[in-house]
Each structure stands twice: as C-alpha cells, then as structure tokens.
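Sequential numbering of the sequence shown, starting at 32, is according to our numbering. No residue lacks a Cβ here, since even glycine has one placed at the ideal position from N, Cα and C. Owing to the predicted nature of the structure, the values given are computational and were not obtained by experimental measurement.
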Amino acid sequence: MRLRQGLCVLGMVGGLFGAGCEKQEPPTVPMDVPAVPPPTNTVPREGTAAALPPVHRVLAVDAGVRPDAGAGSSTLAAEPAWTTEVVEKKRGEPPSITLRSVRTGTHEGYDRTVFEFEGPRLPGYHLAYVKTPVQDCGSGNDVTPPGKAALEVRFNLARAHTEEGQPTVAQRTLKPALPSVLELERLCDFEGEVTWVLGTARRAPFRVLELREPTRLVLDVQH
Numbered sequence: 032m033r034l035r036q037g038l039c040v041l042g043m044v045g046g047l048f049g050a051g052c053e054k055q056e057p058p059t060v061p062m063d064v065p066a067v068p069p070p071t072n073t074v075p076r077e078g079t080a081a082a083l084p085p086v087h088r089v090l091a092v093d094a095g096v097r098p099d100a101g102a103g104s105s106t107l108a109a110e111p112a113w114t115t116e117v118v119e120k121k122r123g124e125p126p127s128i129t130l131r132s133v134r135t136g137t138h139e140g141y142d143r144t145v146f147e148f149e150g151p152r153l154p155g156y157h158l159a160y161v162k163t164p165v166q167d168c169g170s171g172n173d174v175t176p177p178g179k180a181a182l183e184v185r186f187n188l189a190r191a192h193t194e195e196g197q198p199t200v201a202q203r204t205l206k207p208a209l210p211s212v213l214e215l216e217r218l219c220d221f222e223g224e225v226t227w228v229l230g231t232a233r234r235a236p237f238r239v240l241e242l243r244e245p246t247r248l249v250l251d252v253q254h
C-alpha cells in the first residue's frame, strides 16, 4: 500500500513539473502584410514566374541624336561619322514614299537640312558631292548651284507629289543662305526618284541621320 501511494505521489509531481516546463509557441506573424510595390521601370512576371523578382527594363536613351535634333528618336545605334565620301542605303520595298517637307537651319558648327516623309519608313537614298552643272530631269536644263561644291541627295522609290499630281513641297528652290548651305533645288520627281542638290560654300564634311516620329532623313554639313 505504501509503495502504491509513493508511486502516485511521484506521478503527480512529474506531471506538475512537465506542465511547468512546457515550451510556449511564439505568436504567429499575420499573413495579411501589405505587398511592397515593385520598383519603377520594371516589368512584372506572369504565370509560374510570378514569384520571382520583377525584370528590370532599362529605358535606353536614343543614340545618334543631338539635343537640337528636334522631337522624335533615331534609328541609328551610334553617332554617325562625318565624311565627304558617298553615303548610300538601298531599299526596294514598294510603294513609293511621299516627301512631305524640306527645311533648313543652322547650328553651332554645322547647317542642318531635314527631309520629312510620310509613314513609318524612309526610302532608299544616295548622297554624294557631284560635279557641276547638274541636270534637271524634267527640262533637261543645266543647273549650277551657288558655292564651290554641290551635294546631291537622291531618294529611290520616293515621290514629291500627291496622287493628283500636286507637289507636296511647293518651292522647288530654297535659298537659306546659311554659312555652309547656300541654296537647295529640286532636280527630279519622276518615276520613283526624288533628287535635290545643295549648293555649299565648300566641299565640307557631312553626316546623315535617320530619325522617326516623324520619319526624317537629316543631313548636317559642317561650317
């Protein structure tokens, strides 16, 4: 009897000791923590990759465009080189692309001529210094631009008139009298070819840029 009572006492003491040493669980973290917004300039992942960090998208600055190039961006990957040699890009996708305007202006160190076209792409082009006189393709008359050199700009699969035959650039001759570009004259708008010639003060280096929105070919001639 005494042995049985002793065992009961020991059991009660052990139970009390175990209850006093029981490890308490830490409080749980609530799961409704507000989501942290992704960084700016990122693209969220979708589908099975949604749990991964967002993909950073670097917004590249357009290359080959000076701050004074106007609105729009360039299709060139690097600053174009200055040259006095032939610059040519062939394109043969019909139909002909319509020339909408021609304008000029001067900047520090160079004069700029802009040929603006309709639509999202440029026609093919060929730029080169040529001997004078040059020939008007409509009348066949010789044309001698002012200055000591003539820079010809020829567009292929292009036109400078509407479906009704009205010119899209009203003036055939422009006389900006800039430091380098003295005069521009349209020589041809016939059978998919549009040609302009620039009378320049000298055989100066030039560069060509392709710009978009709107679509433009930009020609810079050094002073």
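Spatial distance of residue i from residue j (CA atoms)
i, j, result
"Gly101", "Thr175", "Residue confidence for Gly101 is low, a pLDDT of 44 falling below 50, so the modelled location carries little weight; the figure read from the coordinates is stated next. The straight-line gap from Cα to Cα measures roughly 32 Å."
"Pro207", "Glu214", "6 Å"
"Arg203", "Glu110", "31 Å"
"Phe237", "Thr114", "5 Å"
"Cys168", "Tyr141", "29 Å"
"Pro245", "Leu153", "10 Å"
"Pro198", "Glu139", "32 Å"
"Leu90", "Val165", "Note on Leu90: pLDDT 25, under 50, position unreliable in the model; the coordinate value appears next. Each residue's alpha carbon lies about 46 Å from the other."
Range of the contiguous beta strand (DSSP E) that encloses residue i
i, result
"Ala232", "Unbroken run through Ala232: none, as it is neither H nor E."
"Gly169", "First-last for Gly169: undefined, no H or E at that position."
"Ser132", "128-138"
"Ala201", "Counting along the chain, Ala201 falls outside any beta strand (DSSP E), and DSSP gives it neither H nor E."
"Gln197", "No beta strand (DSSP E) contains Gln197, which DSSP labels as neither H nor E."
"Glu119", "118-120"
"Gly150", "Premise fails: Gly150 is in no beta strand (DSSP E) and is neither H nor E."
Residue i vs residue j beta-carbon contact at 8 Å
i, j, result
"Val145", "Val249", "yes"
"Leu240", "Val133", "no"
"Glu149", "Arg122", "no"
Residue i beta carbon near the ligand ADP (any heavy atom closer than 7 Å)
i, result
"Val117", "By its list of ligands, the structure shown contains no ligand whatsoever, and the ligand ADP lies outside what it can speak to."
Counting Cβ pairs, one atom from each stretch, are 3 or more of them under 8 Å apart for the stretch 212-226 and the stretch 184-196?
-> yes
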